[in-house]
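Going from the sequence shown to this note's numbering is simple: count from 1 and add 30.
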Amino acid sequence: MPELNPIEQHDHASADMPLDHRELVTFRIGEQDFSMDIMLVREIRGWSEATVLPYAPRYVLGVINLRGAVVPIIDLAARLGLPPTEPGPRHVIIIVVDGTRLTGFLVSAVSDILSVGAGEVQSVPTLNDMNASFLSGVITSKSRLLRILDVAAALPGQDLDDGTLVPAEAECLN
């Protein structure tokens with residue numbers, strides 16, 4: 031699959047957008063809708079096979095070489111406690127930047143970009159179908175509920191103290 035063009039980063043605090051608004055990129059994981067702050071997105075690209083790392087958490091699919099940078103690829107469905115994704119040519123990787131660290135999130139599809147006012151974001155309700163600690167809020171858009179991903183919480187290494195980081199080969203060691 032050909033590489034998709036990177037999302038250009040713009041000055042989102044321009045005169046045409048109120049200061050209390052932010053832009054979110056929306057995406058799907060299976061049949062569920064999510065979003066994240068577009069300012070964290072470096073680029074969106076098609077699926078490319080990742081090199082598997084031994085003893086990586088189950089949600090880490092491996093790493094890819096992105097123009098000389100080694101980038102870990104996270105199965106966002108597995109990370110959120112949903113059934114793991116079987117990656118294929120129709121899947122998309124959202125490359126996010128957190129400080130100087132790049133990470134790729136495997137998702138089913140990227141939908142669109144929304145401008146959201148601060149008053150539109152609601153607190154996270156108690157959810158039974160996934161770990162709400164990975165969410166920073168929810169919004170309603172076009173009669174659908176969009177969960178806002180807390181990107182920093184979903185990055186690898188954020189759960190080392192709670193015992194959920196499990197080596198992929200742990201079953202083989204016992």
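For every residue, glycine included, the Cβ atom is placed at its ideal position computed from N, Cα and C. Since we're looking at a predicted model, the values are computed, not measured.
Rounded distance between the beta-carbons of residue j and residue i, thought under 8 Å
i, j, result
"S78", "L144", "With 8 Å as the limit, S78 and L144 do not qualify as a contact, their Cβ atoms being about 27 Å apart."
"L106", "I74", "13 Å between Cβ atoms; not a contact."
Separation of residue j from residue i, as counted between CA atoms
i, j, result
"V90", "T115", "11 Å"
"P186", "M69", "20 Å"
"S163", "A80", "27 Å"
"D63", "F57", "6 Å"
"D180", "V140", "17 Å"
"G167", "E53", "14 Å"
"L136", "R120", "11 Å"
"A86", "V93", "10 Å"
"G149", "T170", "11 Å"
"K172", "S138", "20 Å"
"V82", "Q152", "38 Å"
"D67", "G76", "20 Å"
"T130", "V55", "21 Å"
"L175", "L110", "17 Å"
"G118", "T156", "32 Å"
Three-state secondary structure (DSSP) of residue i
i, result
"G167", "strand"
"G147", "strand"
"V137", "strand"
"V126", "strand"
"D159", "Summary for D159: the model assigns pLDDT 49, below 50, so the residue's position carries little reliability; its value from the coordinates is reported in the next sentence. If DSSP states are grouped into helix, strand and coil, D159 belongs with coil."
Contact set for residue i: own chain, Cβ-Cβ below 8 Å, skip 5 residues either direction
i, result
"A108", "R88, Y89, P114 and T115"
"L132", "R72, L96, A99, V101, I125 and V126"
"D128", "L70, V181, A182 and L185"
Beta-carbon proximity list for residue i, same chain, < 7 Å, skipping 5 on both sides
i, result
"H51", "S145, V146 and G147"
"L165", "V154, R177, I178, L179 and D180"
"D142", "T56"
Cβ-based neighbour list, residue i, same chain, cut-off 6 Å, excluding 5 preceding and 5 following
i, result
"G134", "V101, I103, I123 and I125"
Residue i Cβ short of 8 Å to the ligand COA heavy atom set
i, result
"T156", "Questions concerning the ligand COA fall outside what the structure shown contains, since it holds no ligand whatsoever."
Q) In the stretch 50-109, which residue ranges form an unbroken beta strand (DSSP E) of at least 3 residues, counting only runs that do not cross its ends? A) 51-59, 62-67, 71-76, 90-96 and 99-105
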